[in-house]
Every structure is written in structure tokens, then in C-alpha cells.
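>
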Amino acid sequence: MTDPTPPASYRSPSERVQVWTEGAALHIRFNNPARHNALSADMWQALPPLLAQAERDADIRVVVFSGAGDQAFVSGADISQFEDLRAAREAVRRYEAMAEEALGAIYRCAKPTVACIRGWCIGGGVNVAISCDLRLAADDAVFSIPAARLGLGYRLSALRNLVHLVGVGVAKDLFFTARRIDAAEAKQVGLVTRVCAVADLPALLAETTATLAANAPLTIRAGKRIMEELLREDAPADTELCRRLILECFESEDYAEGRRAFMEKRKPRFEGK
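Numbering (the numbering used here), first residue to last: -14 to 258.
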């Protein structure tokens, strides 16, 4: 993956979060390689405004998260900040709120999100990855949720996402034992979407982002939002909202274009309208 100079419209508020665009993809890279891309406070805080901007940008069809270097996606929280940010009760509250806002912004992003994972994906890194829609992993990836070895309380949303993704049995195994699993087992239990050799990861990512960018954005947005409604635990699914989202797809210019392209035996050109 390359990292060209970010366009003027996208500026990360933290030097530890790199951002750039490639075609219709917005790339967000965690850039703390000295600590294996451990997440510091400024990194958490950088994510919500970048994602909000991506949602407003009609040229962006997909958001990709990755880690700098070849050692780690994210190795967890930056424990050098724990005494400052997590030692006292009020500091814990602030830190958890900050992380929750960032992870919620990823999970709720109306555009598809992809985690591109190499090396260590630990604790908070798993939380980032499972907040994304798709997870692509190189075969050198290693996953673990070590909270039980640290005495940490784990947020509800993170465990909810984990259970929804892999089921209660696997979630309990990974969480209670805090054991490490490789990419092959992660794929087997459903923690990641696809696995490939390290050398093939850039090509797999390019193929995935190109496919997502070419497909109908209104259909993807509607499908993602409806799935969120189906997974809600605080209230029944908003069936009226789901109905409107489906109707918007059928009434869109993209649906007409999709029909024309099918009849003309050509690839459709969707505009998100």
C-alpha cells in the first residue's frame, strides 16, 4: 500500500494517524510503529472527525484502516498513558468515553469499512477490527483479547460486536482465556473475513476496495443500516426506517442504471443518486 500526500480536504489532527485517498477509498493508518501502533488518546480522538468528513464526501465509497509498518495493525491501548488516563476513576470514564466514541463512529459509518491487518491485532486492535464491516488479514496476523490478564473492565459494545461476529461460545473462549490465535483460526471462527499470504495482501485490498467502490452505494448503505437495526438490543428494529431505505433504492437513478446495464450487458456506473 502506498501513502501519497493527503489531499487538502483531509487533514488528520494527530501525526499518529495518517490519512490519504486512493480513488474512492479513504485510508486511515495508525502510525505509532515504535509501540506497534498502540492507540494513544490523540489517535482515538482523530477518528470521529475523519469518519464524519468521509460520510459527507460523495467521492468516498469505502474507508480502510491499517497499521504502519509490517509488525502490527494495532497492539492495543498505549499503556504508557494508563497512569495518566486510566488510573483514576474520572480518568477511566474519560478514556472509555473517548474510545467508545471512536469505535462507535467506525461501527455506524454509513460507508463500508475495511480493516487491513498485518501482525499484532491485540485488545483495542480487535475492537477496531470488529467495528469494521470487513476484515482482511495476512497470514502473519495474530489476534488476542488480553483483558483478563490485565484486570480491565471491557465495554459492552466491544463484547456485543464480538458475540455478534463469532457467537457466544467462541467469544467466551477468546475472552476468558486471553489466548492468542493465528490468522487461520481467526478465519475459521469468523473473526476475519478473508486471509491471504503477506505478499498478496495489497492486491486483495485493492480488489476489495475496487469492488465496494463499483457497487451501488445506496444499496450498500441501506443494507448496512438494516443489518444494524436487526442487531439492536435496546429496541425493536425500526421497520419503517428499513422500508424507506429499501424504497429509496428502488426509486434511485442507480436502480435505473443497474437495469439498463444488465440489459445492455455492461458494467453499471453508479452515482449514489
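For glycine and all other residues, C-beta sits at the position ideal for the given N, C-alpha and C.
Just the C-alpha distance for I45 and L144, rounded to the nearest angstrom, thanks.
Here residue 45 refers to the residue found at position 60 when the sequence shown is read from its first residue. Here residue 144 refers to the residue found at position 159 when the sequence shown is read from its first residue. I45 and L144: Cα-Cα distance of roughly 30 Å.
> Let me know the beta strand (DSSP E) ranges lying completely inside the stretch 98 to 180, each 3 residues or longer, listed in chain order.
Entirely contained in the stretch 98 to 180, the beta strand (DSSP E) runs reaching 3 residues are, in chain order, 98 to 102, 105 to 107, 119 to 123 and 127 to 129.
> Considering only residues of the stretch -14 to 62, which uninterrupted beta strand (DSSP E) runs meet the minimum length of 3 residues and lie entirely inside it, listed in chain order?
Runs of the beta strand (DSSP E) inside the stretch -14 to 62: 2 to 7, 10 to 15, 47 to 52 and 57 to 59.
> With respect to the alpha helix (DSSP H) encompassing K263, which residues constitute its N-terminal and C-terminal limits?
What is shown of the chain runs -14 to 258, which leaves residue 263 out entirely.
> Please classify K250 as buried or exposed, where buried requires at least 16 other C-beta atoms within 10 Å of its C-beta.
The residue labelled residue 250 in the question sits at position 265 within the sequence shown. By the neighbour-count rule (16 or more Cβ atoms within 10 Å), K250 is not buried but exposed.
> Is it buried or exposed, F247, if we count other Cβ atoms within 10 angstroms and call 16 or more buried?
The count along the sequence shown starts at 1 and reaches residue 247 at position 262. By the neighbour-count rule (16 or more Cβ atoms within 10 Å), F247 is not buried but exposed.
> So, helix, strand or coil for G243, using DSSP?
To locate residue 243, count along the sequence shown from 1; it is residue 258. Note: G243 maps to helix in three-state DSSP.
> Could you check the C-alpha separation between A87 and R210 for me, to the nearest Å?
Working through the sequence shown from its first residue, we reach residue 87 at position 102. Working through the sequence shown from its first residue, we reach residue 210 at position 225. So the alpha carbons of these two residues sit roughly 18 Å apart.
> Tell me the DSSP secondary structure of E86 in three-state form.
Position 101 of the sequence shown holds residue 86. Helix at E86.
> Kindly give me the distance between the Cβ atoms of A114 and I102, rounded to whole angstroms, as I take these residues to be in contact under 8 Å.
Numbered from its first residue, the sequence shown carries residue 114 at position 129. Numbered from its first residue, the sequence shown carries residue 102 at position 117. Sure, about 6 Å apart at Cβ, within 8 Å.
> Run through DSSP, which three-state label would A182 get?
As a position in the sequence shown, residue 182 is number 197, starting the count at 1. It is coil, neither helix nor strand.
> Should the stretch 154 to 174 be regarded as contacting the stretch 119 to 131, the criterion being three or more beta carbon pairs within less than 8 Å?
Yes, since at least three Cβ pairs between the stretch 154 to 174 and the stretch 119 to 131 fall closer than 8 Å, the two stretches touch.
> Have a look at P18, S116, T194 and R229 and flag the residue whose alpha-carbon is nearest the alpha-carbon of V177.
Counted from its first residue, the sequence shown places residue 177 at position 192. Comparing Cα-Cα distances from V177 to each of P18, S116, T194 and R229, the minimum goes to S116.
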